Amino acid sequence: MRLRALLDTDALGLKLLGGEDELDRGVRGVMTTDLRDPSRYLSGGELVLTGLAWRRDAADSEPFVRILVQAGVAALAAGEAELGDVPDDLVVACARHRLPLFAVHESVAFATITEHVVRQVSGERAGDLAAVVDRHRRMMTSGPAGGGPDVVLDLLGSDLDLRAWVLSPTGRLIAAPKETTGARGTVPALDPEACARLAAEHLAAVRTGRRGPHRVVLDRTTYSLFPVRGSGRGPSSEPGDPRGTMLSDWLLAVEADAGDWAEERLDLLHGVTQLIAVERDRRDAARTVRRRLAQEVLELVQTGAAPAEIAARLRVAAPVLLPGLGTAPHWQVVVARVEWEDGRGDGGPVTQALLEEILVDPASTGPEPSDRIAVAHTGDEAIALVPLPSVTDEHDEAGPGVQADALLESVRGPLTAGLDGDGRLTVGVSAAVHSAEGLRGALEEARHARRVAAARPGRVCAAGHQELASHVLLLPFVPDDVRRAFTARLLDPLREYDRRHRAELIPTLEAFLDCDGSWTRCATRLHLHVNTLRYRVGRIEQLTGRDLSRLEDKLDFFLALRMS
Numbered sequence: 000m001r002l003r004a005l006l007d008t009d010a011l012g013l014k015l016l017g018g019e020d021e022l023d024r025g026v027r028g029v030m031t032t033d034l035r036d037p038s039r040y041l042s043g044g045e046l047v048l049t050g051l052a053w054r055r056d057a058a059d060s061e062p063f064v065r066i067l068v069q070a071g072v073a074a075l076a077a078g079e080a081e082l083g084d085v086p087d088d089l090v091v092a093c094a095r096h097r098l099p100l101f102a103v104h105e106s107v108a109f110a111t112i113t114e115h116v117v118r119q120v121s122g123e124r125a126g127d128l129a130a131v132v133d134r135h136r137r138m139m140t141s142g143p144a145g146g147g148p149d150v151v152l153d154l155l156g157s158d159l160d161l162r163a164w165v166l167s168p169t170g171r172l173i174a175a176p177k178e179t180t181g182a183r184g185t186v187p188a189l190d191p192e193a194c195a196r197l198a199a200e201h202l203a204a205v206r207t208g209r210r211g212p213h214r215v216v217l218d219r220t221t222y223s224l225f226p227v228r229g230s231g232r233g234p235s236s237e238p239g240d241p242r243g244t245m246l247s248d249w250l251l252a253v254e255a256d257a258g259d260w261a262e263e264r265l266d267l268l269h270g271v272t273q274l275i276a277v278e279r280d281r282r283d284a285a286r287t288v289r290r291r292l293a294q295e296v297l298e299l300v301q302t303g304a305a306p307a308e309i310a311a312r313l314r315v316a317a318p319v320l321l322p323g324l325g326t327a328p329h330w331q332v333v334v335a336r337v338e339w340e341d342g343r344g345d346g347g348p349v350t351q352a353l354l355e356e357i358l359v360d361p362a363s364t365g366p367e368p369s370d371r372i373a374v375a376h377t378g379d380e381a382i383a384l385v386p387l388p389s390v391t392d393e394h395d396e397a398g399p400g401v402q403a404d405a406l407l408e409s410v411r412g413p414l415t416a417g418l419d420g421d422g423r424l425t426v427g428v429s430a431a432v433h434s435a436e437g438l439r440g441a442l443e444e445a446r447h448a449r450r451v452a453a454a455r456p457g458r459v460c461a462a463g464h465q466e467l468a469s470h471v472l473l474l475p476f477v478p479d480d481v482r483r484a485f486t487a488r489l490l491d492p493l494r495e496y497d498r499r500h501r502a503e504l505i506p507t508l509e510a511f512l513d514c515d516g517s518w519t520r521c522a523t524r525l526h527l528h529v530n531t532l533r534y535r536v537g538r539i540e541q542l543t544g545r546d547l548s549r550l551e552d553k554l555d556f557f558l559a560l561r562m563s
């Protein structure tokens with residue numbers, strides 16, 4: 000709204016004392032203060048209301064007005080209730096700095112002016128942005144994109160003074176507002192840790208069925224989280240079941256508390272999420288070719304096609320996945336599965352979208368990072384064909400490319416929150432293979448690794464090909480009743496003793512085995528005297544009838560702890 004409109008409203012009781020030539024200034028907000036220096040609370044464009052309690056003598060007016068002008072306020076309104084007429088020194092200072100000055104009649108409360116300005120400004124901004132949103136929607140439905148989610152976020156900032164970010168379900172930054180510099184300095188970016196925490200809160204809220212927008216407070220800043228739902232063509236589980244979409248939907252994080260917003264303002268933000276969803280659908284459509292190529296290769300591998308036929312298909316896929324690559328790359332296979340505890344839902348398409356997100360470099364931003372990864376799905380598995388353009392050392396123990404221990408590091412927190420109490424994500428990673436002949440073995444290797452991951456505790460687990468040469472390969476295939484009987488026979492006496500005496504025999508056993516039976520290292524780790532450690536180990540042997548100096552008994556205890 001314009002300053003001139005304030006004078007036209009008789010109920011506000013305003014009298015212009017100076018600045019008639021500046022009445023076309025826009026008012027973006029209102030603030031009441033009696034601080035001598037309120038600059039840290041100003042962002043520009045405000046109508047400042049003051050009762051003049053900051054003024055002790057005439058010399059105070061000049062620095063106060065200078066601070067307001069430097070902050071970019073629109074005008075100053077001084078109340079007459081305390082001092083009667085507005086002091087001349089304040090009138091002179093405002094005239095010197097070309098700051099419009101109003102006098103507020105003593106019968107008018109500052110709250111009346113505040114309510115009027117906020118109502119007018121909010122209504123105008125909502126109307127302006129609604130028109131822009133509608134225009135942008137028409138553009139995007141009738142032709143190419145109008146700039147993607149970044150443009151929408153810029154509209155939110157310029158028209159509603161709202162800072163917002165678009166995040167993936169794992170907390171990766173898809174779009175962010177432009178950095179702005181004002182009276183409060185440069186607006187800080189949203190750091191990766193905050194992104195991950197917001198994504199975790201969003202997934203947890205959706206999983207529990209809480210109605211959005213979801214309110215989250217991080218480091219004394221309030222955010223409102225809005226889901227960005229696709230067109231309905233994306234992955235899902237069952238009708239009415241939100242679990243499938245929550246693992247693939249983006250979210251809009253707005254730095255504001257939407258709990259007291261009017262219905263019209265909430266509808267406006269939901270319209271913004273629909274615009275962003277168009278970009279999400281476009282991204283999914285762009286992945287169609289890569290998904291189809293992966294599906295074709297997967298079918299050839301699973302049906303036992305000739306290596307020459309598979310190699311021919313890979314030569315077709317390589318330019319799409321790695322354009323400009325001169326030679327055929329090496330390949331790696333990643334298998335993932337989402338399992339719901341109640342058995343409902345089809346995890347294949349859900350996991351396909353989720354695996355595509357997980358395999359993206361977490362440091363990349365934007366809706367179209369260079370994640371040229373082909374992911375197919377079969378049954379309740381998602382299978383990724385990951386191209387490796389170069390392999391520096393094929394004898395490297397860790398192997399090139401995707402590493403299981405690092406794959407889920409940045410996404411474990413958000414996904415654990417989303418799956419807690421309801422489902423699990425397990426991932427297996429193969430070694431790199433150098434030809435089409437190796438793909439079938441890589442697929443089986445990745446599937447075995449995923450079963451190893453499934454045998455571990457936790458909602459989000461991964462295992463790599465390195466672990467398939469270890470004893471842990473055997474654990475997923477031990478029948479459940481055998482597991483229970485084996486672990487109960489060895490560990491139940493210790494658990495019962497710990498429960499009755501708080502003796503910590505189980506933690507002591509774990510530490511002793513982890514230290515390879517070294518008394519000194521184990522005592523140091525547990526902060527115990529060696530004699531105390533020897534007493535505890537002796538008690539373990541007495542309760543179980545085993546001898547921890549024997550390799551066979553150590554191995555039995557180790558396996559029992561891994562299977563428990």
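Quick note on numbering: numbering that gives the first Met the number 0 labels position 287 of the sequence shown as 286, and the sequence is numbered without any gaps.
Cβ coordinates follow ideal geometry from the N, Cα and C atoms, glycine included.
Quick caveat: nothing in here was measured; it's all calculated off a predicted structure.
Inter-residue spacing [alpha-carbon to alpha-carbon] between residue i and residue j
| i | j | result |
| --- | --- | --- |
| D555 | Q402 | 29 angstroms |
| V68 | D9 | 27 angstroms |
| G400 | T169 | 21 angstroms |
| A203 | D419 | 8 angstroms |
| L15 | A193 | 47 angstroms |
| E308 | G417 | 41 angstroms |
| R291 | G71 | 56 angstroms |
| G78 | S42 | 22 angstroms |
| Y222 | E278 | 23 angstroms |
| H115 | A74 | 16 angstroms |
| G211 | G156 | 21 angstroms |
| T543 | H500 | 16 angstroms |
| V29 | D360 | 44 angstroms |
| Q294 | I372 | 12 angstroms |
| A182 | D36 | Note that A182 has pLDDT 38, beneath the 50 cutoff, so the model's placement of it is unreliable and the number below is only indicative. For A182 and D36, the distance between alpha carbons rounds to 13 angstroms. |
| V319 | A381 | 20 angstroms |
| R206 | A311 | 44 angstroms |
| A80 | S60 | 18 angstroms |
| A58 | I66 | 14 angstroms |
| R24 | F101 | 14 angstroms |
| L251 | A257 | 12 angstroms |
| R545 | I539 | 8 angstroms |
| V577 | P348 | In the structure as shown, the chain begins at 0 and stops at 563. Residue 577 is therefore absent and cannot be evaluated. |
| V64 | L34 | 12 angstroms |
| V374 | L161 | 36 angstroms |
| F109 | E200 | 38 angstroms |
| T220 | E254 | 7 angstroms |
| G270 | L154 | 13 angstroms |
Burial state of residue i (16 or more Cβ within 10 Å)
| i | result |
| --- | --- |
| V215 | buried |
| Q331 | buried |
| A352 | buried |
| A522 | buried |
| D7 | exposed |
| V288 | exposed |
| S517 | exposed |
| E551 | exposed |
| P62 | exposed |
| D479 | exposed |
| A284 | exposed |
| R55 | exposed |
| T519 | exposed |
| S548 | exposed |
Opposing strand residues paired with residue i [DSSP bridges]
| i | result |
| --- | --- |
| A431 | None, per the DSSP bridge assignment. |
| F225 | L251 |
| W339 | G422 |
| V47 | M30, L75 |
| R214 | S223 |
| H464 | DSSP output for H464 lists no bridge partner at all. |
| A375 | I382 |
| L166 | L172, L250 |
| W330 | P386, V432 |
| L547 | The partner list for L547 (beta bridge, DSSP) is empty, contrary to what the question assumes. |
| G17 | L100 |
| G25 | R1 |
| V459 | L424 |
Contact the region 429-446 vs the region 286-306: 3+ CB pairs below 8 angstroms: Inter-segment contact for the region 429-446 and the region 286-306 is present: three or more beta-carbon pairs are separated by less than 8 angstroms.
Touch test, the region 442-456 against the region 529-538, Cβ-Cβ under 8 angstroms, three pairs minimum: Too few Cβ pairs lie closer than 8 angstroms, so no.
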